[in-house]
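Report on the following structure.
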Amino acid sequence: MLNTFRRDLGDKLKGKSILVTGGTGSFGHQFARTVLERYDVRRLIIFSRDELKQYEMAREFPESRYPAIRYFIGDVRDRERLMMALRGVDIVIHAAALKHVPVAEYNPTECLHTNVWGAENLVWAALNNDLEAVIALSTDKAVNPVNLYGASKLAAEKVFVAANNLRGTSRTRFSVVRYGNVVGSRGSVVPLYQSLIKQGTDHLPITDDRMTRFWITLQQGVDFVLSSYDLMTGGEIFIPKIPSMRITDLAKCLGPNLPHRVIGIRPGEKLHEVMIAEEESRTAFEYDDHFVIQPIMRFVETDAPAAGGKPVAEGFRYASDSNDWWLSEGELLGMISRMMV
8 MLNTFRRDLG
18 DKLKGKSILV
28 TGGTGSFGHQ
38 FARTVLERYD
48 VRRLIIFSRD
58 ELKQYEMARE
68 FPESRYPAIR
78 YFIGDVRDRE
88 RLMMALRGVD
98 IVIHAAALKH
108 VPVAEYNPTE
118 CLHTNVWGAE
128 NLVWAALNND
138 LEAVIALSTD
148 KAVNPVNLYG
158 ASKLAAEKVF
168 VAANNLRGTS
178 RTRFSVVRYG
188 NVVGSRGSVV
198 PLYQSLIKQG
208 TDHLPITDDR
218 MTRFWITLQQ
228 GVDFVLSSYD
238 LMTGGEIFIP
248 KIPSMRITDL
258 AKCLGPNLPH
268 RVIGIRPGEK
278 LHEVMIAEEE
288 SRTAFEYDDH
298 FVIQPIMRFV
308 ETDAPAAGGK
318 PVAEGFRYAS
328 DSNDWWLSEG
338 ELLGMISRMM
348 V
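Pasting the structure below:
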């Protein structure tokens with residue numbers, strides 16, 4: 008059974024002002040829908056640099072129907088604009104990033120400006136506006152990175168974790184959520200295969216028939232981020248327990264009668280993804296539906312970690328190829344059908 012990660016945050020979010028960077032992306036859409044339908048927030052601010060996407064999102068979530076929503080044009084590269092956007096904000100969910108591995112490989116400085124310097128800008132603006140909390144979205148590709156996207160997200164993780172040592176008298180706390188591939192997100196393989204099948208393709212492309220990935224739905228991702236906000240004390244990296252699936256099995260599930268054509272691994276791509284490396288096991292704790300990597304440094308006035316966790320064994324590795332939970336065909340189809348509702 009797939010984890011839902013849902014927690015009752017009605018009282019904790021009531022009257023809060025939340026800003027989502029990169030809010031016009033797949034995660035931002037689902038996050039907006041979830042928060043606006045479940046919680047009585049004071050404001051939900053969609054912060055992004057794409058005017059067209061904001062216009063389209065405003066048609067889906069008009070202020071006339073959702074009076075709490077606001078749209079703010081801006082870029083995480085622009086520190087002054089972030090300073091202005093964060094005035095009166097309580098919580099930031101940091102989803103803005105350049106995410107596509109080949110794009111980052113061919114445009115390295117652009118990736119660094121957004122993913123690393125953008126993270127630094129957000130830390131600076133959050134501390135100077137005395138926010139309550141910042142949760143940054145990361146990726147399994149940040150673990151033992153072999154591509155620039157993963158390396159930039161690793162650097163961003165370090166920026167956010169270390170920011171807890173910079174807050175001084177500020178109340179702001181920073182934590183990170185790290186998870187795997189999102190079923191149905193823009194640019195992922197599921198909508199690619201669905202599009203090819205719809206077009207009448209005679210095969211499905213496979214980069215490597217040994218490849219495995221972790222899988223999570225958008226709703227699970229949103230609920231896990233919200234649950235992490237409820238649990239955070241500052242400096243943690245939260246990791247959900249989610250299933251793995253072989254790319255060949257995914258392709259067979261979506262196109263059972265279509266042959267596969269191996270096209271080779273893209274620049275900077277891994278065969279398998281890791282969400283907890285062996286070296287991180289020394290400070291990792293296991294809970295019922297998630298793991299937490301505690302920071303290796305001490306922070307001033309940081310609360311004790313949530314009770315109920317047990318240390319993982321030294322040398323523990325949470326990877327898509329050695330995961331003990333494999334996604335069945337029925338579970339995958341269920342995830343896809345819920346994505347289309």
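Heads up: take any position in the sequence shown, counting from 1, add 7, and you land on the numbering used here. For each residue, glycine too, the CB sits at the ideal point set by N, CA and C.
Pull up the distance between the alpha-carbon of residue i and that of residue j, whole angstroms please.
| i | j | result |
| --- | --- | --- |
| residue 91 | residue 118 | 24 Å |
| residue 129 | residue 83 | 7 Å |
| residue 69 | residue 24 | 18 Å |
| residue 241 | residue 174 | 11 Å |
| residue 343 | residue 282 | 23 Å |
| residue 328 | residue 266 | 23 Å |
| residue 111 | residue 88 | 24 Å |
| residue 201 | residue 138 | 41 Å |
| residue 348 | residue 178 | Low per-residue confidence applies at residue 348: pLDDT is 46, beneath 50, and the placement is therefore not dependable, though the value from the model is reported in the following sentence. Looking at the two C-alpha atoms, the distance is approximately 39 Å. |
| residue 271 | residue 216 | 9 Å |
| residue 57 | residue 97 | 24 Å |
| residue 278 | residue 127 | 31 Å |
| residue 189 | residue 305 | 33 Å |
| residue 11 | residue 230 | 7 Å |
Please tell me whether residue i and residue j are closer than 9 Å, where the distance is taken between their beta carbons.
| i | j | result |
| --- | --- | --- |
| residue 142 | residue 204 | no |
| residue 210 | residue 248 | no |
| residue 93 | residue 122 | no |
| residue 332 | residue 251 | yes |
| residue 133 | residue 145 | no |
| residue 108 | residue 274 | yes |
| residue 280 | residue 106 | no |
| residue 345 | residue 285 | no |
Would you give the residue range spanned by the alpha helix (DSSP H) that residue i belongs to?
| i | result |
| --- | --- |
| residue 124 | No alpha helix (DSSP H) holds residue 124; DSSP gives it neither H nor E. |
| residue 40 | 33 to 45 |
| residue 66 | 58 to 67 |
| residue 200 | 196 to 205 |
| residue 113 | 108 to 113 |
In terms of residue numbering, what span does the beta strand (DSSP E) encompassing residue i cover?
| i | result |
| --- | --- |
| residue 286 | First-last for residue 286: undefined, no H or E at that position. |
| residue 162 | No beta strand (DSSP E) holds residue 162; the alpha helix (DSSP H) holding it covers 155 to 169. |
For residue i, list the residues DSSP reports as bridge partners.
| i | result |
| --- | --- |
| residue 326 | 281 |
| residue 89 | The partner list for residue 89 (beta bridge, DSSP) is empty, contrary to what the question assumes. |
| residue 293 | 298, 317 |
| residue 143 | 101, 183 |
| residue 236 | None; residue 236 has no bridge partner. |
| residue 267 | 211 |
Per the contact definition of three or more C-beta pairs closer than 8 Å, is the region 49 to 63 in contact with the region 224 to 238?
no
Any contact of the region 105 to 118 with the region 154 to 162, i.e. 3+ C-beta pairs under 8 Å?
yes
Give a yes or no on contact between the region 72 to 81 and the region 30 to 49, applying the rule of three or more CB pairs nearer than 8 Å.
yes
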